[in-house]
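Enquirer:
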Amino acid sequence: MSESVVTSPDERVSEDAELRAALDVANIPTLLLVLAHLTGDGRWVQDPYTPQRGKPLSDNDTGGLPEELQAEVREAAFEAILAHEAGTLIPVDPTPSQVAERLAIALVEEVAEEYGPLLSEELGLVSREVELPTPPPGFRAVIIGAGLSGLCTAFKLEAAGIDYVILEKDADLGGTWLENVYPGCGVDTPSHFYSFSFAPNGRWSRYFAKRDEVFAYLSELADRYDVRRRIRFGTEVTRADYDTDSATWTVQTLDTEGREETFTAPVLVSAVGMVNRPSIPPIANLDAFEGPLMHTAEWQRDVDLTGKRVAVIGTGASAMQLVPAIVDTAERVLVFQRSKQWAIPYPNYQWSVPEGVRYLMHRVPLYTRWYRLRTFWNFGDRQHESMQIDPNWEFPDRSVNAQNESHRVFLTKHITRELGERAEELLPDCLPDYPPYIKRPLLDNGWFRTVARSDVELVTEAVAELTPDGVVTASGEKFEADVVVLATGFKTLQFLWPMEIHGASGKTLREQWGEDDARAYLGVTVPDFPNFFIVNGPNTNAGHGGSAIIATELEVRYIMNALRRMFEQGLAATEVREDTFWEYNDRLDEALSRAIWSHTKATTYYRNDKGRVVVSSPWKYLDYHAWTKEYDPADYVETPAEPSAETPAGTGR
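Quick note on the numbering used here: the sequence shown kicks off at 1428 and runs consecutively.
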């Protein structure tokens, strides 16, 4: 809750009126959770107040309660909030089992009791902080990347009093949220869920925030946690070498002026992310085009699309955000489709958060936290079962189980409805012939309505080459264009590319992994690479939904526990055991073989050329949370520090 301040009677009346107005537009199921939490009275999550199931994908704002009960809930919340602010009502934190039980009631969903500890952490009732002893003299960590994962790592090292430096190739922090500035760019995860559990944000202006707000959130956190001073901007890591004798990493960098510099530290953390390096398709004569040519991740803000013919190559997540955002500005948009996409129609995707709700979230942080927890569940493990392949399912080409089939039917009706009068004409080119969720589930940004417009043309032939003034398809047909946009994604399979990371044996990660077959234990550690940790590594992207932030927080806690072990035991190095590594990866591949992402009906950036899924995780968050909560020294080969030797000091400015 926000701190109480002395106010005048007139100010009190005004604040009370604002609170009442905010509660009038608040989400009833969330208010019930807040009421039970503030008062400790379980009747608010019992009949007659228990919500009824709402429409699919909706926030279910009224909870299906009659107006008189809604009014009673809002009035009770008003009184409880004022009493708490006055210090006469102390919240009664629910137990983990109560958190799971109450969330299930509010969502009208089954939420197993075993989720209680994970949900309690997400709610902020149980801390993920790791207390570290005093590190050895001169200890330092080098973090590669100042995006979301690198910042999270820095926040925790800063809080623990650990010396570190962040090496960032860009001129500012934010990673993908700095680099991607194309029109329409934003999150495809609910905004309130796309925030750290230790720093929830109740000020989002949209339920699905656009790029500028996400960047502002990360930038504000960097200032709040005072980590910006630790970042070396314009400094790209080119190579890193581990030295067994000194148990240190030597990291070589190149700045924007071409100057080389070396940093040395016992611990190296890679936080470069997967959507880091744009993927440029092998289209002939790209340089021949005489107009503006740009990848969505390298958007040129000075290019005016007004009245222009814009060719967009690709139909993935960035295209689905971009095309509807530019169609009213451009004269004509040509969409060159590489593959058809399923898109989910979330009702509030385009909506702004009502001012009253934003006021309530700021004034009553518990409301923000419980609302965030509801989105955590709706976008998380509740989807997992629908993505498991039923070997006895009779329609394996179009779906993988009964629930997946119901999703296919629902989404097919949505696409048909959105195409409107042109459905008969366009449906063959828009309706995917593979099961939903094989590819990353996209959110419908008005895509199908946009494609059906008269000033948009969907081209389903492969692009062969560019000419000075347009695009030529495989059949030789030419389409004139003033601007060409590559919405072709990223080099997601080439983890840590193009850096050369050399392990204890001298071999590089690339030599161990191959070009596109990265593996790591828990997605974090790799044999032959002591004291090296990866955040947002291979097979950590939960394919069933959720947010990259969850996995990041769990991985960073795991790393902090590894550091605690090193400090407490006086270790020079820790390296994951080869047998542990392969046992985990064998289980991983076996689980993936039963999951939809292994289905071969459609190509996807999740899989490499051999068909192995490299990006997606088959695990529930419940499982990954349990495995990363503690660092098990039995999984590692530990090297004690020499008693007479001091820990090598980190060097490099």
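All C-beta atoms in this analysis are idealised placements derived from N, C-alpha and C, irrespective of residue type, glycine included.
By the DSSP assignment, the beta strand (DSSP E) with residue 1689 in it spans what residues?
Expert: Where residue 1689 is concerned, the enclosing beta strand (DSSP E) stretches over 1687-1692.
Enquirer: Quick one, which of 1737, 1579, 2050 and 1906 has its alpha-carbon nearest residue 1699's?
Expert: Comparing Cα positions, the closest option is 1579.
Enquirer: Is residue 1443 buried or exposed, if buried means 16 or more other CB atoms sit within 10 Å of its CB?
Expert: Exposed, since its Cβ has fewer than 16 Cβ neighbours within 10 Å.
Enquirer: Roughly how many angstroms separate the alpha carbons of residue 1586 and residue 1576, rounded to a whole number?
Expert: Looking at the two C-alpha atoms, the distance is approximately 16 Å.
Enquirer: At what residue ranges does the region 1575-1602 contain a whole run of the beta strand (DSSP E), taking only runs of 3 or more?
Expert: With a minimum length of 3 residues, the continuous beta strand (DSSP E) runs that stay inside the region 1575-1602 are 1591-1594.
Enquirer: Could you check the C-alpha separation between residue 1797 and residue 1541 for me, to the nearest Å?
Expert: Rounded to whole angstroms, residue 1797 to residue 1541 spans 18 Å at the Cα level.
Enquirer: Return the chain-ordered list of same chain residues with a C-beta closer than 6 Å to the C-beta of residue 1830, the five sequence neighbours on each side being excluded.
Expert: Correct list, in chain order: 1813.
Enquirer: Let me check understanding here. Comparing Cα to Cα, which of 1589, 1800, 1604 and 1493 lies closest to residue 1629?
Expert: It is 1800 whose Cα lies nearest to the Cα of residue 1629.
Enquirer: Looking only at C-alpha atoms, which of 1615, 1599, 1739 and 1692 sits nearest to residue 1564?
Expert: When each option's Cα is compared against that of residue 1564, the closest is 1692.
Enquirer: Put residue 2043 into one of helix, strand or coil per three-state DSSP.
Expert: If DSSP states are grouped into helix, strand and coil, residue 2043 belongs with the strands.
Enquirer: To the nearest angstrom, how far is the alpha carbon of residue 1976 from that of residue 1624?
Expert: Using only the alpha carbons, I get a separation of about 9 Å.
Enquirer: Thinking just about the alpha-carbon of each residue, which of 1598, 1645 and 1606 is nearest to the one in residue 1621?
Expert: Considering only alpha carbons, the answer is 1645.
Enquirer: Please give the ranges of any beta strand (DSSP E) in the region 1829-1905, keeping only runs that are unbroken, at least 3 residues long and fully inside the region.
Expert: Within the region 1829-1905, the complete beta strand (DSSP E) runs of at least 3 residues are 1883-1886, 1890-1894 and 1897-1900.
Enquirer: If you draw a straight line from the C-alpha of residue 1473 to the C-alpha of residue 1842, how long is it?
Expert: Taking the straight line joining both Cα atoms gives about 39 Å.
Enquirer: Excluding the 5 residues flanking residue 2156 on each side, which residues of the same chain have their C-beta closer than 6 Å to its C-beta?
Expert: The requested residue 2156 does not occur in the structure, where the chain is confined to residues 1428 to 2080.
Enquirer: Assuming residue 1704 contacts residue 1924 under a Cβ cut-off of 8 Å, what Cβ separation, rounded to an integer in Å, is found between them?
Expert: That belief holds up - the Cβ atoms of residue 1704 and residue 1924 are roughly 6 Å apart, short of 8 Å.
Enquirer: Could you pull out every unbroken alpha helix (DSSP H) segment of at least 4 residues lying fully inside the region 1755-1842, listed in chain order?
Expert: Those alpha helix (DSSP H) runs which fall completely within the region 1755-1842 and span 4+ residues are 1782-1790 and 1792-1805.
Enquirer: Closer than 8 Å: is that where the CB of residue 1705 sits relative to any heavy atom of the ligand SAH?
Expert: You won't find the ligand SAH in this model; it holds no ligand whatsoever.
Enquirer: Kindly give me the distance between the Cβ atoms of residue 1958 and residue 1769, rounded to whole angstroms, as I take these residues to be in contact under 8 Å.
Expert: The pair is not a contact, with the Cβ atoms about 42 Å apart (cut-off 8 Å).
Enquirer: Does DSSP put residue 2080 in a helix, a strand or coil?
Expert: Reliability fails at residue 2080, whose pLDDT of 38 lies under 50, so the model's placement of it is uncertain and the value that follows must be treated cautiously. It is coil, neither helix nor strand.
Enquirer: Considering only the beta carbon of each residue, do residue 2060 and residue 2001 sit closer than 9 Å?
Expert: Yes, Cβ-Cβ distance for residue 2060 and residue 2001 is below 9 Å.
Enquirer: In or out: residue 1479 buried (at least 16 other Cβ within 10 Å) or exposed?
Expert: Exposed, because fewer than 16 other Cβ atoms sit within 10 Å of the Cβ of residue 1479.
Enquirer: Determine, using beta carbons only, whether residue 1706 and residue 1915 come nearer to each other than 9 Å.
Expert: Closer than 9 Å, so yes.
Enquirer: Hey, how far is the Cα of residue 2043 from the Cα of residue 1605?
Expert: Approximately 24 Å between the Cα atoms of the pair.
Enquirer: Out of curiosity, what's the CA-to-CA distance linking residue 1935 and residue 1730?
Expert: Those two C-alpha atoms are separated by around 41 Å.
Enquirer: With distances taken Cα to Cα, identify the nearest neighbour of residue 1657 among 1858, 1593 and 1998.
Expert: Comparing Cα-Cα distances from residue 1657 to each of 1858, 1593 and 1998, the minimum goes to 1593.
Enquirer: Please return the same chain residues whose Cβ sits closer than 6 Å to the Cβ of residue 1810, not counting the five positions on each side in sequence.
Expert: Answer for residue 1810: 1971 and 1972, listed in chain order.
Enquirer: Please check the pair residue 1508 and residue 1816, which I expect to be a contact at CB under 8 Å, by giving their CB distance rounded to whole angstroms.
Expert: Contact flag wrong, Cβ pair sits at about 48 Å.
Enquirer: Name the DSSP bridge partner or partners of residue 1913?
Expert: DSSP lists 1722 and 1740 as partners of residue 1913.
Enquirer: If you pair each beta-carbon of the region 1454-1461 with each one of the region 1529-1548, do three or more pairs fall below 8 Å?
Expert: Touching, yes, given that three or more Cβ pairs across the two stretches are closer than 8 Å.
Enquirer: Who are the Cβ neighbours of residue 1713 in its own chain at under 6 Å, not counting the five residues just before and after it?
Expert: Cβ within range, chain order: 1893.
Enquirer: Go through its chain and collect everything with a Cβ distance to residue 1857's Cβ below 8 Å, but skip five positions before and after it.
Expert: For residue 1857, where only same-chain residues beyond five positions count, the Cβ hits under 8 Å are 1767, 1842, 1846, 1875, 1878 and 1885.
Enquirer: Going by beta carbon distance, what residues of the same chain come within less than 6 Å of residue 1852, once the five residues before and after it are set aside?
Expert: Answer for residue 1852: no residue qualifies.
Enquirer: Taking the Cβ atom as the reference point for each residue, do residue 1416 and residue 1960 lie within a distance shorter than 9 Å?
Expert: Residue 1416 lies beyond the range of the chain shown here (1428 to 2080); nothing can be said about it.
Enquirer: Let me check understanding here. Comparing Cα to Cα, which of 1631, 1438, 1496 and 1439 lies closest to residue 1456?
Expert: Looking at the Cα atoms, 1496 is the closest of the given residues.
Enquirer: How long is the line joining the alpha carbons of residue 2067 and residue 1992, rounded to whole angstroms?
Expert: Using only the alpha carbons, I get a separation of about 11 Å.
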